[in-house]
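First the structure, in the form of structure tokens, and then the observations on it.
This is the structure we're talking about:
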């Protein structure tokens with residue numbers, strides 16, 4: 001197992017006894033380190049498999065980690081507790097939520113369920129639709145919860161009339177959830193905190209169950225997730241977090257970069273490791289990326305070193321508008337295909353917003369280049385665009401019954 005790790009990775013894997021913070025730059029073998037660390041804890045009998053808790057942000061990441069651990073330690077991995085924050089918290093609540101007055105068969109409301117409930121509340125409160133809408137309220141309530149702000153605190157800190165209204169709705173919303181024996185996704189994180197704060201015996205039970213905690217993508221944790229880790233780690237503080245402050249992009253949904261930057265202040269005697277050897281990109285790509293990200297004020301300094309040589313130089317094409325940009329990309333692509341004998345499937349184009357796909361798609365269509373949109377719909381296949389085109393089609397051709405049917 002050890003010969004698959006570089007020296008820094010090996011040191012991070014074998015660190016034990018103190019809290020561990022691993023800054024893992026892009027392509028530096030983060031998942032390899034996490035899985036090898038779990039295997040190391042089990043094989044060296046430092047912690048029993050059933051006493052290890054590994055937290056991830058997606059089910060896909062949890063499955064990948066589980067599969068890799070299985071390859072390393074075979075069937076011993078089976079009893080490792082592994083899952084997303086929400087799935088692990090749901091398990092806690094199914095077992096112990098009755099202490100908070102809910103029954104264990106509680107429902108979990110998705111976004112649409114939340115909006116439906118809020119619409120009922122707005123109607124009961126006789127709040128005009130043009131004053132606040134249900135989606136705005138849901139977003140505001142989620143914001144409060146991600147900051148651990150209760151309805152009473154939200155009301156007390158409200159300065160504007162609209163904020164007081166949000167706080168009032170929030171209070172009724174929580175009462176309505178309770179009456180429905182229902183939770184929203186934010187509650188899955190908040191209620192275990194309430195449970196642990198109010199019942200030391202239950203907290204001690206889970207601390208005893210999970211004696212070593214590992215957290216993936218720690219830079220994406222929010223305040224409730226940080227509190228859960230802190231509570232579960234307790235005085236033993238046997239916790240290992242892996243993340244990269246340079247890859248923190250979820251501040252808009254509550255992620256708090258301070259969780260990783262201030263980790264060593266909260267978890268004393270913390271051991272810090274920086275994985276700076278990049279196995280994914282070339283030197284020129286890393287140099288360009290570093291020249292941008294190093295300007296961030298709040299970050300841990302790190303220098304990624306490529307394991308793949310310098311590679312080709314990066315190109316920069318400046319254009320006057322988005323249509324010229326799209327045509328320039330198509331020209332560059334066609335040149336590469338002709339000179340390097342590549343296939344269309346060898347290329348990927350990244351864009352920042354969905355709206356930016358339109359000029360690219362138009363240029364591809366004119367050039368007869370086949371393409372696929374990954375993780376979404378083609379511009380002209382999006383519902384709102386097809387609806388708009390149907391209206392325009394009827395104006396141009398009143399006999400277009402298919403477009404008329406869509407509009408109706």
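Numbering (UniProt numbering), first residue to last: 1 to 408. Glycine is no exception: its CB is placed at the ideal position from the N, C-alpha and C atoms.
Restricting to Cα atoms, I'd like to know which of the options is closest to residue i.
| i | options | result |
| --- | --- | --- |
| residue 84 | 95, 64, 99, 270 | 64 |
| residue 211 | 385, 45, 398, 393 | 45 |
| residue 138 | 125, 124, 174 | 174 |
| residue 304 | 283, 385, 133 | 283 |
| residue 67 | 50, 36, 268, 51 | 36 |
| residue 114 | 373, 176, 51, 60 | 176 |
| residue 267 | 288, 292, 290, 237 | 237 |
| residue 208 | 27, 372, 10, 51 | 51 |
| residue 314 | 213, 289, 294, 331 | 289 |
| residue 112 | 129, 154, 229, 185 | 185 |
| residue 271 | 17, 157, 116 | 17 |
| residue 329 | 339, 349, 338, 342 | 349 |
| residue 298 | 395, 261, 133 | 261 |
| residue 74 | 99, 107, 4, 40 | 40 |
| residue 34 | 144, 69, 43 | 69 |
| residue 26 | 43, 281, 72, 265 | 281 |
| residue 8 | 275, 198, 228 | 275 |
| residue 293 | 354, 245, 351 | 245 |
| residue 387 | 397, 403, 396 | 403 |
| residue 155 | 171, 148, 142 | 171 |
| residue 380 | 355, 399, 213, 394 | 355 |
With a cut-off of 8 Å on the beta carbons, I'd call residue i and residue j a contact; round off their distance for me.
| i | j | result |
| --- | --- | --- |
| residue 195 | residue 96 | 6 Å |
| residue 250 | residue 232 | Not really, about 22 Å apart at Cβ, beyond 8 Å. |
| residue 20 | residue 240 | 4 Å |
| residue 296 | residue 256 | With a Cβ gap of about 15 Å, residue 296 and residue 256 do not count as contacting. |
| residue 344 | residue 370 | 6 Å |
| residue 279 | residue 12 | About 15 Å; that fails the 8 Å criterion. |
| residue 189 | residue 224 | 4 Å |
| residue 129 | residue 166 | Residue 129 to residue 166, Cβ: 15 Å. No contact. |
| residue 323 | residue 359 | 5 Å |
| residue 409 | residue 6 | The first residue shown for the chain is 1 and the last is 408, placing residue 409 beyond what the model contains. |
| residue 342 | residue 336 | 6 Å |
Verify whether the separation of the beta carbon atoms of residue i and residue j is less than 9 Å.
| i | j | result |
| --- | --- | --- |
| residue 169 | residue 118 | yes |
| residue 226 | residue 101 | no |
| residue 90 | residue 243 | no |
| residue 410 | residue 15 | Residue coverage of the chain in this structure runs from 1 to 408, which leaves residue 410 outside it and unanswerable. |
| residue 310 | residue 363 | no |
| residue 80 | residue 61 | no |
| residue 181 | residue 103 | yes |
| residue 390 | residue 374 | no |
| residue 410 | residue 193 | A question about residue 410 goes unanswered here, because the residues of the chain that appear run from 1 up to 408. |
| residue 134 | residue 158 | no |
| residue 228 | residue 93 | no |
| residue 30 | residue 22 | yes |
Following the continuous beta strand (DSSP E) through residue i, name the residue where it begins and the one where it ends.
| i | result |
| --- | --- |
| residue 243 | 239-243 |
| residue 81 | 81-84 |
| residue 213 | 212-215 |
| residue 274 | 271-275 |
| residue 183 | 182-184 |
| residue 52 | 52-56 |
| residue 317 | No beta strand (DSSP E) holds residue 317; DSSP gives it neither H nor E. |
| residue 20 | 20-24 |
Please classify residue i as buried or exposed, where buried requires at least 16 other C-beta atoms within 10 Å of its C-beta.
| i | result |
| --- | --- |
| residue 215 | buried |
| residue 219 | buried |
| residue 58 | exposed |
| residue 1 | Any reading at residue 1 must be qualified, since the residue scores a pLDDT of 48, below 50, and its modelled position is unreliable; no value is offered. |
| residue 357 | buried |
| residue 269 | exposed |
| residue 254 | buried |
| residue 187 | buried |
| residue 217 | buried |
| residue 107 | exposed |
| residue 146 | buried |
| residue 4 | exposed |
| residue 368 | exposed |
| residue 248 | buried |
| residue 286 | buried |
| residue 125 | exposed |
| residue 339 | exposed |
If we define contact as Cβ-Cβ less than 9 Å, is residue i a contact residue for chain D?
| i | result |
| --- | --- |
| residue 328 | Given the protein chain composition of this structure (a single chain), no chain D is represented. |
Kindly indicate the opening and closing residues of the alpha helix (DSSP H) around residue i.
| i | result |
| --- | --- |
| residue 190 | 187-198 |
| residue 117 | 111-124 |
| residue 263 | 263-266 |
| residue 137 | 134-146 |
| residue 283 | 283-293 |
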